[in-house]
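For the protein sequence lines, the chains are A and B, in the order given.
The first sequence begins at 658 in the numbering used here and counts up by one.
The second sequence begins at 5 in the numbering used here and counts up by one.
One structure is given below, encoded as structure tokens.
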Amino acid sequence: GAVVSQHPSRVICKSGTSVKIECRSLDFQATTMFWYRQFPKQSLMLMATSNEGSKATYEQGVEKDKFLINHASLTLSTLTVTSAHPEDSSFYICSAEGQSEQYFGPGTRLTVT
Amino acid sequence: QQQVKQSPQSLIVQKGGISIINCAYENTAFDYFPWYQQFPGKGPALLIAIRPDVSEKKEGRFTISFNKSAKQFSLHIMDSQPGDSATYFCAASNYGQNFVFGPGTRLSVLP
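What follows is the structure in structure tokens.
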């Protein structure tokens with residue numbers, strides 16, 4: 658099956674700093690990628706839909722100025738958490754759409770101290 | 005209309021037993037129904053999926069049963085093993101887009 662990678666897998670940062678998470682589709686091109694947030698023992702919460710070459714579409718309640726998404730190529734989307742705060746600590750998962758299926762990355766554990 | 009309901013929230017099964025997770029949807033435009041398996045600290049992985057032109061699909065110990073008229077589908081795990089302990093998400097989409105996920109079921113298979 659298709660492979661989606663995320664980098665880094667874990668990151669710890671200090672409050673007030675920014676963190677960038679990369680999502681790559683390794684063996685297919687993805688016009689659309691998605692970013693999810695998952696709290697412990699909870700379901701996936703869609704944050705935004707990232708379309709290559711255009712602005713991301715954010716879900717209601719998600720601050721677009723705080724969670725910057727860039728989809729610069731058909732294989733790469735990035736999520737930047739700006740001015741991170743402890744409440745931003747979470748598991749961030751991306752997925753890429755290909756062949757009418759969604760393929761998930763392994764996730765990035767963000768801890769803001 | 006866009007919601008996918010999933011039950012139970014958690015499930016405990018003895019090794020060798022059958023695990024059954026149920027999902028229901030409202031939007032009749034949905035035409036693709038995948039199940040994902042997620043282990044702690046990992047991203048979800050596609051387990052098995054079905055389209056509404058069939059009522060059942062089996063892959064190894066995993067079976068999806070689909071009831072189009074009731075707008076329900078379920079995952080059956082036969083001969084459940086401790087290694088199956090994970091969180092399972094059902095989902096629905098139309099034409100491979102607009103995926104909607106259920107809230108998840110935490111399965112624990114006791115040895």
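Backbone N, C-alpha and C fix where the C-beta goes; we use that ideal spot for every residue, glycine too.
Predicted, not measured: the structure shown is a model, and the values here were computed from it.
Host beta strand (DSSP E) of residue i (start-end)
i        : result
A:Ser734 : 733–738
B:Leu114 : 109–114
A:Leu701 : Per DSSP, A:Leu701 belongs to no beta strand (DSSP E) and is neither H nor E.
A:Ser681 : It should be pointed out that residue 681 of chain A corresponds to Arg in this sequence rather than to Ser. Note, A:Arg681: beta strand (DSSP E), 676–682.
A:Arg766 : 765–769
B:Pro38  : 37–42
B:Lys61  : 60–63
B:Lys9   : 8–11
A:Arg667 : 667–670
B:Tyr29  : 23–29
Neighbouring residues, chain A, relative to residue i (Cβ below 8 Å)
i       : result
B:Ala49 : Phe761
Under 7 Å from the C-beta of residue i: neighbouring residues of chain A
i        : result
B:Lys9   : Residues of chain A passing the Cβ test: none, with the nearest at roughly 12 Å.
B:Phe105 : Ser700, Leu701
B:Lys46  : Pro763, Gly764
B:Gly64  : Here the premise fails: no neighbours, minimum Cβ distance about 15 Å.
Interface residues of chain B facing residue i [CB-CB closer than 9 Å]
i        : result
A:Ser757 : Tyr36, Ser97, Tyr99, Gly100, Gln101
Assigned exposure category for residue i - 16 Cβ within 10 Å defines buried
i        : result
A:Met704 : buried
B:Ala33  : exposed
A:Thr770 : exposed
A:Gln717 : exposed
A:Thr735 : buried
A:Thr674 : exposed
A:Pro665 : exposed
B:Val58  : exposed
B:Phe77  : buried
A:Ala741 : buried
B:Gly106 : buried
B:Gly47  : buried
A:Ser757 : exposed
Close-in-space but distant-in-sequence residues of the same chain around residue i (CB under 7 Å, 5 per side omitted)
i        : result
B:Leu51  : Trp39, Tyr40, Gln41, Phe66
B:Phe103 : Ala95, Ser97
B:Ile16  : Ser112, Leu114
Beta-carbon neighbours of residue i, restricted to chain B and to distances below 8 Å
i        : result
A:Ile750 : Gly47, Pro48
Residues near residue i by beta carbon distance below 6 Å, same chain, minus five either side
i        : result
A:Ala753 : Val661, Ser682, Ala687, Met690, Tyr760
A:Glu709 : Thr688, His728, Leu731
B:Arg110 : Ser14, Thr91
B:Tyr29  : Val8, Lys75, Ala96
A:Glu679 : His664, Thr735
B:Phe37  : Ile54, Phe77, Ala96
Beta-carbon proximity list for residue i, same chain, < 8 Å, skipping 5 on both sides
i        : result
B:Pro86  : Lys19, Val113, Leu114, Pro115
A:Pro772 : Chain A is shown from 658 up to 770; residue 772 of chain A falls before or after that span and cannot be answered.
B:Asn71  : Ser59, Phe77
Proximal residues of chain A, C-beta to C-beta of residue i below 9 Å
i        : result
B:Gly108 : Lys698, Gln699, Ser700, Leu701
Quick one: which residues of the segment 66–99 of chain B get their C-beta closer than 9 Å to a C-beta of chain A? List them in chain order.
Thr91, Phe93, Ala95, Ser97, Tyr99
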